[in-house]
Each structure stands twice: as structure tokens, then as C-alpha cells.
Amino acid sequence: MKGIWQNLKVVGVAVAKRLPAAVAGLLCVVLPSFVARSALPAQAAPSTDVWVVSMRQSGGMVHFGEPKNVTQRTGYDNQPGFTADGKSVMYTVTENNGPAEIWQFTVPSGKPKPLTNTRQSEYSATAAPDGRSFSVIRVELPDSTQRLWRFPLDGQGAPSLVLEKVQPVGYHVWAADHRLVLFVLGSPATLQLADDRTGTSEVVARNIGRGLAKVPGRDVVTYTQQVRDSAAWIAELNVLTKETKRLVQPPKGADYHAWTPQGLLIVGTGSKLFVLAEGRWEQVADFASGGVRGISRLAISPTGDWLAFVAEDRPPN
62 MKGIWQNLKV VGVAVAKRLP AAVAGLLCVV LPSFVARSAL PAQAAPSTDV WVVSMRQSGG
122 MVHFGEPKNV TQRTGYDNQP GFTADGKSVM YTVTENNGPA EIWQFTVPSG KPKPLTNTRQ
182 SEYSATAAPD GRSFSVIRVE LPDSTQRLWR FPLDGQGAPS LVLEKVQPVG YHVWAADHRL
242 VLFVLGSPAT LQLADDRTGT SEVVARNIGR GLAKVPGRDV VTYTQQVRDS AAWIAELNVL
302 TKETKRLVQP PKGADYHAWT PQGLLIVGTG SKLFVLAEGR WEQVADFASG GVRGISRLAI
362 SPTGDWLAFV AEDRPPN
């Protein structure tokens, strides 16, 4: 994709026009009240790595091992998500101003290898409910339409369009075999509940942030809710009743969250991880001594024994 870091859309501050929210979200804070246009130089592309760390839950707490930087290089390695069997991590790679592709490594330290190799850009790989495929946000040529596509995990067969009429999709999570919850770009950004059998979606919340997560064992997806004149909240959507409610305010700087299979809520900010315990955030890890800084996206394996997270791969200027 030519000029991927050019022609940017601003949502409060610079957010890429031709880049999906999945990457643009790392460059800005979503401010739902206004949208403008600007440009961001190529060198402003975030430089991030994907880390993994073993984890073990005991009662209401989680214990972590030593984190490992699997993708250590200068460039954009981001948006980790586990395969359905929990053995591998899929993630987004951009390099040399080319299109974004999906790569994969086996846990904990397998050699990264590409899963996609196309002229178009793919972001936010997410394991599909069938366990044999994964879904992505594809930035389509020639007009940069952002829609949801599905790829076979074994590489055998062509990708297929999941939701033809729903766009521009920025983030997504599978809530059930055929139900998806989407972050759809707009002013304001909206949370939409979609069905891949009908190809339709409906708005269930507005003014939302970038974080989406499925709650294991429940028909619930959590998301970040932007509240005017207030810090963001983590809120939940019941995908059966379509009811929403606020749960808790995350620590400052914690834009993403994830759930353990046992139902513990984890967030990260800086070099630290926190767990919600009895209504309060408790620090459970600090990886500063290992060189971790700027934790953002989180993903937990289906069995709950590994956490993948994104962090900056260089000290802040």
C-alpha cells in the first residue's frame, strides 16, 4: 500500500485517514466531538514490539513470569491475538512503507513467519469461532475501504468478505459463532452488533474508545466508553439483550483490557499490569527491569497460561 503514513484523518489529534483505527489508535486519543484533516510524517509511525509472558491464576490474583520480547526490531509489530488453540500469536507487521501483513509465532519463542502476503493491508487478526480461520480488518484497494475479511489459517484457499456493507470497521471481536461486536469509525465512533449470516449491524453505543474484549463464558463483550468531562469507563454489552452498563474506570493510561478464562479483568499501563480485585485495581506486575515501557494492547491465551502484550521498543524521546 503506497504512502500508508500519508493523508491522515485527525480525531482530536493526528489519526491516519488511510490507516485503520487499529493503527491510528496508537497515535491519538479518540476525542468523539470533532474530526478534522491533517498530515503526519512517515517517521511518526509507532515503533512497537510484541512480548509474551507466562501467567498463572491463584484465587483472585495472577502471577507472571519473566516477559520475552519476541519481535524485537525497529518497526511496527502490534495487535497480538492468540489462535484458537492458544499455541500461536498472530500480529500485525509493517515495514519499509509497504502494506501491513499478518505474521505469526508459536509461544513462547518461535520464529515469526508471515500468514498473509497481499497488496492490500490487513490488521487486527482475530481467531474465528471455527478455529480454522482468522478475521482481519482489510484496507482495500483502490479506495481504502475498511471491511472485515476472513482468511484460512492454513493458507489454503482465498480470503472471503465477512460483512459486505459494514464500513469503515476499525476493531472487532467475535461474541459467538455468528455474532460480532465492532468499533466503527465515525464522528462519533460507534459500537455495533453484527451478524455474519445477515450481513447487517446495529448501533448499540456511541462515543466509544479502542478497547474491545470478549468475556469468557458469558454472552458479554466489554469496551471502553468515552464519557464527556470524565475519564473513560470500561463498560459491558450483553449481546443477547443488547443492554449496556458501565463497570469500572481503568487506571490512567490503560486504554486496553483483557479477561482471564476465570473472569479476572487485567489492564496495563507504563510497565505495569493491574487486576481488578474486589472493585479495586491491584498492581500484579512491573516489568520495568526487563526494559518494558508503554504497555498498550493485551491478549490472553484461551487456556489462560500466556499473556501477549505490546510495548514500545525504544526509550521515549
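Counting in this note's numbering, the sequence shown runs from 62 upward without gaps.
A virtual CB, placed ideally from N, CA and C, is assigned to each residue, including glycine.
None of these values were measured; they are calculated from a predicted model.
Length of the line joining the Cα atoms of residue i and residue j
{"i": "T305", "j": "D204", "result": "34 Å"}
{"i": "L202", "j": "Y232", "result": "19 Å"}
{"i": "L176", "j": "Q165", "result": "6 Å"}
{"i": "F195", "j": "V242", "result": "15 Å"}
{"i": "T144", "j": "W320", "result": "16 Å"}
{"i": "W342", "j": "R240", "result": "31 Å"}
{"i": "P220", "j": "T179", "result": "11 Å"}
{"i": "G159", "j": "H124", "result": "39 Å"}
{"i": "G340", "j": "V328", "result": "14 Å"}
{"i": "S248", "j": "S119", "result": "43 Å"}
{"i": "V245", "j": "A338", "result": "31 Å"}
{"i": "Y184", "j": "W112", "result": "18 Å"}
{"i": "A264", "j": "V288", "result": "It is Val, not Ala, that sits at residue 264 in the sequence shown. Rounded to the nearest angstrom, the two C-alpha atoms are 17 Å apart."}
{"i": "G324", "j": "A161", "result": "33 Å"}
{"i": "D191", "j": "G278", "result": "17 Å"}
{"i": "T167", "j": "D290", "result": "43 Å"}
{"i": "L326", "j": "K172", "result": "30 Å"}
{"i": "A97", "j": "G126", "result": "Confidence at A97 is low in this model, with a pLDDT of 26, below 50, so the placement of that residue is unreliable and no value is reported for it."}
{"i": "R193", "j": "D215", "result": "8 Å"}
{"i": "K174", "j": "I163", "result": "9 Å"}
{"i": "N268", "j": "D238", "result": "27 Å"}
{"i": "L334", "j": "D347", "result": "7 Å"}
{"i": "A250", "j": "V353", "result": "31 Å"}
Residue i and residue j closer than 8 Å at C-beta
{"i": "S357", "j": "V371", "result": "yes"}
{"i": "R199", "j": "Q217", "result": "no"}
{"i": "T302", "j": "I295", "result": "no"}
{"i": "D256", "j": "V223", "result": "no"}
{"i": "Y59", "j": "V154", "result": "Past the edges of the chain, shown from 62 to 378, lies residue 59, and the structure says nothing about it."}
{"i": "P311", "j": "A293", "result": "yes"}
{"i": "A266", "j": "L252", "result": "yes"}
{"i": "G351", "j": "P128", "result": "yes"}
{"i": "G355", "j": "D316", "result": "no"}
{"i": "R208", "j": "A189", "result": "no"}
{"i": "T283", "j": "L308", "result": "yes"}
{"i": "V276", "j": "M122", "result": "no"}
{"i": "V234", "j": "A274", "result": "yes"}
In DSSP terms, what residue i is bridged to
{"i": "P175", "result": "W164"}
{"i": "Q207", "result": "V200"}
{"i": "T285", "result": "I295"}
{"i": "D347", "result": "K333"}
{"i": "L214", "result": "L214 is not bridged to any residue."}
{"i": "H318", "result": "V328"}
{"i": "Q118", "result": "V123"}
{"i": "G142", "result": "M151"}
{"i": "K129", "result": "V113"}
{"i": "K226", "result": "Beta-bridge pairing links K226 to no other residue."}
{"i": "T305", "result": "L298"}
{"i": "S221", "result": "R211"}
{"i": "I356", "result": "Answer by DSSP bridge pairing: none, since I356 is not bridged."}
{"i": "E373", "result": "T109"}
Closer than 7 Å: residue i CB and nearest the ligand NAD heavy atom
{"i": "T135", "result": "In the structure shown, the ligand NAD is absent, as is every other ligand, since no ligand is present at all."}
Own chain residues within Cβ distance below 8 Å of residue i, not counting five before or after
{"i": "T364", "result": "G147, P322"}
{"i": "G260", "result": "L224, E225, K226, V227"}
{"i": "D366", "result": "S115, M116, R117, G147"}
{"i": "A360", "result": "P141, G142, F143, V150, A319, L368, A369, F370"}
{"i": "V230", "result": "P81, I198, Q207, R208, L209, L224, L243, F244, V245, L246"}
Sequence-distant residues of its chain with Cβ nearer than 7 Å to residue i (five each side left out)
{"i": "A349", "result": "S332"}
{"i": "S170", "result": "K129, V131"}
{"i": "G272", "result": "Y284, T285, D316, Y317, H318"}
6 Å Cβ shell around residue i - same chain, five flanking residues per side excluded
{"i": "V281", "result": "E297, N299"}
{"i": "N139", "result": "T109, T153, V371"}
{"i": "G314", "result": "T330"}
{"i": "Q133", "result": "D110"}
{"i": "E156", "result": "G136"}
{"i": "S262", "result": "V227, Q253, A255"}
{"i": "M62", "result": "Only weak support exists for where M62 lies, its pLDDT of 37 falling under 50; the coordinates are left without a value."}
{"i": "S362", "result": "F143, G147"}
Short CB-CB distance (under 8 Å) between residue i and chain C
{"i": "P160", "result": "You won't find chain C in this structure, because it holds only one protein chain."}
Those runs of the beta strand (DSSP E) which lie wholly inside the region 237-291 and span at least 3 residues: Listed in chain order, the complete beta strand (DSSP E) runs (minimum 3 residues) inside the region 237-291 are 240-245, 251-256, 261-267, 269-275, 281-286.
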